[in-house]
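Per my numbering, residue 28 is the first one in the first sequence, and the count goes up by one each step.
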Amino acid sequence: MNIFEYHLTEIKEVILSKKNNLNLNEINDFKGVSLEVPPDQFNYDLSCNIAMILGKKNKIRPKELALKLKVIFLEKISNFSLIEIAGPGFMNIKLSNSALLNNINSIFKNKKFYGSVKDNKTYNIEFVSANPTGPMHVGHCRGAIYGDVLANLLKFNGNKVTKEYYVNDYGEQIKFFVESVYFRIQEIKYNKKFPKQENLYPGLYIKDIASKIIHENKDFTFNDFTKNFEFLKKESLKKSMELIKKDLKNLGITHDNFFSETEIVNKDLVTKAIKILKEKRFVEEGFLQPPKGETNDNWKKMKRLIFKSTLFGDDADRALQKNDGSWTYFANDVAYHMNKVSRNYENLVNVLGADHTGYTKRIKAAVSALSDKKVKIKCVVCQLVKLFKNGSPFKMSKRAGEFISAQDLLNEVEKDQIRFMMLNRSNDVELDFDFDKVKQKTKDNPVFYVQYAYARINSIIRSLNINLFEKINLKEDKFNFNSIEEKIIRKIFEWPKIIESTSKKFDLHKIPFYLYELSTLFHSYWSKGNENKDYKFIENDKIKRKEILLVINLIAIVLQNGMRILGVSLPDKM
RNA sequence: GCGCCUGUAGCUCAACUGGAUAGAGCGCUUGGCUACGGACCAGGAGGUUCUGGGUUCAAAUCCUAGCAGGCGCGCCA
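Dropping the structure here:
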């Protein structure tokens, strides 16, 4: 329980015991009542909207009610020492000294888990799932990091998380990919020219794969594509997945499970999934309407199996079969999600790129249909990444063909910077990623700024010749925090709230934003010492005030927890 | 034509999901360091929250009608 929940419970209890005296008949489970962090200028610890909510329901003027509540709270809740009524009826509350210390105490007790929202659910997060036809590009990185960090966050809260990669190793694209490798082998080994065909993959990495395969299979003859196909497919996929895994590893990302589309086909999972959906009458034979607004010369009207996804909010029903009767990509995906459902996850998460926006409704529909709406699924779409260098757009990559590869990125920028920056925006907005900015060791670079705060804290600890979290005595010491320290402590109290809302909404960008703000407060405090010697932390190798030691340790705890979730390193020295 | 996302300071973005005087960074501008690490800090200017209606104590946030940009919209994967 975080302090906001804790004190809100106190408030609710008091209200319930006094509701008759107050003429409060309509309480309604306190819906909408909350404790928040007051805006900076108020210098209070908590802010409560209860007078406005209950006032409205019971037709009492909010300010009038607030005045009455103020008296009662101060009398009944010993943790509150001061209350001010502000604005339309907000109650700003200052905590008593002992309440403050109790709250701080629990932070030190929880330490590595401070901020976590206790939860015990099972999650499957599918992310990256880049086609194994080539290395990862920058766009994939964003989703990859997002998925990885989401997993960290959910685990931090105590959930069981499986990180999964769906390998699309089946279908037309793979055929062209293997064909491209084949022609590169022809080129390298037999000196035949690489043909100019539209569907082939031009990227130079194909050459690398080809020469590796040649090297590892010296006695093998590659002279008949159809005959060589299965072998080449296996080898090529192995190689390109190695490339992808290497990129992921360099980004600090691991998956627990790689699920192959070919396996779905081989095990005939589609038939099983369709059977289930047919029984539920969500799949039927029928005709689809041609898409509107498009010329549809190629449209072939024919009877086929259709998933009635409109029943679950999709814009159109979806084809499960192609013209030749074979399964569509979507059909395989339905089967894949049936498999996920059968593995008994309570929650599924799909992290997708912007080019898959149109796909989310049908996959949600499929999961709802397959699980009778029991399994929750959330599809998170990450918008595009735009690359900049020196402020101007930056394009092309030699190795990957038309995209900038993850490797290109990693060659220029460290993993830590990439991870932090990719998360420093809401996934709903396009992200400008500037190579140069990210490499700077200045305030312009938020990663550096946060790391620097931690390094400075450690520098203090070093000069005191102690370790972090040492020499703090909360039981016997009396503390007298100054206003800057109070401000920082308030920010520290906010941390569980950040985790709470982030865990609910999956808006991961709040974490880097928060860490940056916390670091700002610290740097600001530190610099006070330059203006005024009274504010210096250390004098004659000793800490001046135990309050400072306490506060910087609190900051260290939160920075550690936050950066651990982000998977970004936090060095003691820089 | 349809769906999803976006529209907030000159630029890039926040805003506790309906709360208080809409906040940060960059840029502009004025100051502060021989330091516990200046790789920083403090101050100032800068806003009709795309537009019009609506909902209520309260709207950037919700509803509605538009406008603008991005991404999609097969029986590709």
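From the three backbone atoms N, C-alpha and C, an ideal C-beta is built for every residue, glycine too.
- Item | DSSP-derived helix/strand/coil call for residue 174 | Sequence index remark: in the first sequence, residue 174 carries index 147 (1-based). DSSP places residue 174 in the helix class (H, G or I) of the three-state scheme.
- Query: Do residue 113 and residue 119 have their C-beta atoms within less than 7 Å of each other?
  - Reply: Counting from 1 along the first sequence, the entry for residue 113 is found at position 86. Counting from 1 along the first sequence, the entry for residue 119 is found at position 92. A contact, by the Cβ cut-off of 7 Å.
- Item | Inter-residue Cα distance where the pair is residue 356 and residue 159 | Looking up residue 356 in the first sequence gives position 329. Looking up residue 159 in the first sequence gives position 132. Computed Cα separation, rounded: 15 Å.
- Using DSSP with H/G/I as helix, E/B as strand and the rest coil, what is residue 379? Counting from 1 along the first sequence, the entry for residue 379 is found at position 352. Strand at residue 379.
- Burial state of residue 229, where buried means 16 or more other Cβ atoms lie within 10 Å: Translated into positions along the first sequence, residue 229 becomes position 202. With fewer than 16 other CB atoms across the displayed protein chains lying within 10 angstroms of its CB, residue 229 is exposed.
- Near residue 534, which residues of its chain fall below 7 Å by C-beta distance, leaving aside the five closest residues on each side in sequence? Numbered from 1 along the first sequence, position 507 holds the residue referred to as residue 534. Around residue 534: 453.
- Determine which residues share a DSSP beta bridge with residue 415 and list them. Counting from 1 along the first sequence, the entry for residue 415 is found at position 388. Partner(s): 420 and 461.
- Query: Does any heavy atom of the ligand FMN sit closer than 6 Å to the C-beta of residue 396?
  - Reply: As far as ligands go, the structure on display features none, and thus does not contain the ligand FMN.
- Task: Report the residue from 366, 411, 536 and 352 whose alpha carbon sits nearest the alpha carbon of residue 384.
- Result: For the purposes of this step, residue 384 is identified with residue 357 of the first sequence, where counting begins at 1. Per the Cα distances, 411.
- Task: Would you please state the rounded distance, in angstroms, between the beta carbons of residue 156 and residue 193? I believe it to be under 8 Å.
- Result: Residue 156 sits at position 129 when you count from the first residue of the first sequence. Residue 193 sits at position 166 when you count from the first residue of the first sequence. That pair is a contact at about 4 Å.
- Report yes if the CB atom of residue 595 is closer than 7 Å to the CB atom of residue 460, and no otherwise. Locating residue 595 in the first sequence gives position 568, where the first residue counts as 1. Locating residue 460 in the first sequence gives position 433, where the first residue counts as 1. If you check the CB distance, residue 595 and residue 460 do not come in under 7 Å.
- Message: Can you tell me where the beta strand (DSSP E) holding residue 151 begins and where it ends?
- Response: Taking the first residue of the first sequence as position 1, residue 151 is located at position 124. Start and end: 149-153.
- Task: Given a cut-off of 7 Å, decide if residue 45 and residue 80 are closer than it, judged by their beta-carbon atoms.
- Result: Residue numbering aside, residue 80 sits at position 53 when the first sequence is read from its first letter. Residue numbering aside, residue 45 sits at position 18 when the first sequence is read from its first letter. For residue 80 and residue 45, no; Cβs fall outside 7 Å.
- Determine the direct distance from the alpha carbon of residue 278 to that of residue 207, and round the result to whole angstroms. The residue you call residue 207 lines up with position 180 of the first sequence. The residue you call residue 278 lines up with position 251 of the first sequence. Here the alpha carbon of residue 207 sits roughly 28 Å from the alpha carbon of residue 278.
- Residues in its own chain within less than 7 Å of residue 599 by CB, not counting five upstream and five downstream? Position 572 of the first sequence holds residue 599. If we look at residue 599 and ignore the five residues flanking it on each side, its Cβ neighbours are 482 and 485.
- Item | Opposing strand residues paired with residue 189 [DSSP bridges] | On the first sequence, residue 189 is found 162 positions in, with the first residue counted as 1. Paired residue(s): 151.
- Should residue 353 be labelled buried (16 or more other beta-carbon atoms within 10 Å of its own) or exposed? Walking along the first sequence from the start, residue 353 turns up at place 326. Residue 353 should be labelled exposed.
- Hey, could you find the ends of the beta strand (DSSP E) residue 118 is sitting in? Numbered from 1 along the first sequence, position 91 holds the residue referred to as residue 118. Run containing residue 118: 117-122, per the beta strand (DSSP E) assignment.
- Given that a residue counts as buried once 16 or more other Cβ atoms are within 10 Å of its Cβ, and exposed if not, what is residue 109? Translated into positions along the first sequence, residue 109 becomes position 82. With fewer than 16 other beta carbons inside 10 angstroms of its own, residue 109 counts as exposed.
- Message: Taking contact to mean 3 or more Cβ pairs, one atom from each stretch, closer than 8 Å, check whether the segment 238-256 and the segment 209-221 are in contact.
- Response: They touch, by the three-pair rule.
- Query: On the three-state DSSP scale, how would you describe residue 34?
  - Reply: Counting from 1 along the first sequence, the entry for residue 34 is found at position 7. DSSP places residue 34 in helix when its eight states are reduced to three.
- Task: Below 8 Å on the Cβ atoms is my guess for residue 38 versus residue 376; work out the distance and round it to an integer in Å.
- Result: The residue given as residue 38 occupies position 11 in the first sequence. The residue given as residue 376 occupies position 349 in the first sequence. Contact flag wrong, Cβ pair sits at about 35 Å.
- Query: Helix, strand or coil: how does DSSP classify residue 405 here?
  - Reply: Translated into the one-based positions of the first sequence, residue 405 becomes position 378. In this structure, residue 405 counts as strand in the three-state DSSP scheme.
- Query: Of the choices 76, 31, 190 and 511, whose alpha-carbon is the least far from that of residue 553?
  - Reply: Here residue 553 refers to the residue found at position 526 of the first sequence. Check the Cα spacing between residue 553 and each of 76, 31, 190 and 511: the tightest is with 511.
- Put residue 107 into one of helix, strand or coil per three-state DSSP. Translated into the one-based positions of the first sequence, residue 107 becomes position 80. Residue state for residue 107 is assigned as strand, using DSSP reduced to three classes.
- Task: Determine, using beta carbons only, whether residue 226 and residue 204 come nearer to each other than 7 Å.
- Result: Locating residue 226 in the first sequence gives position 199, where the first residue counts as 1. Locating residue 204 in the first sequence gives position 177, where the first residue counts as 1. If you check the CB distance, residue 226 and residue 204 do not come in under 7 Å.
- Measure the CB-CB distance between residue 584 and residue 491 and report whether it falls below 7 Å. Here residue 584 refers to the residue found at position 557 of the first sequence. Here residue 491 refers to the residue found at position 464 of the first sequence. Against a cut-off of 7 Å, the Cβ pair of residue 491 and residue 584 comes out as no contact.
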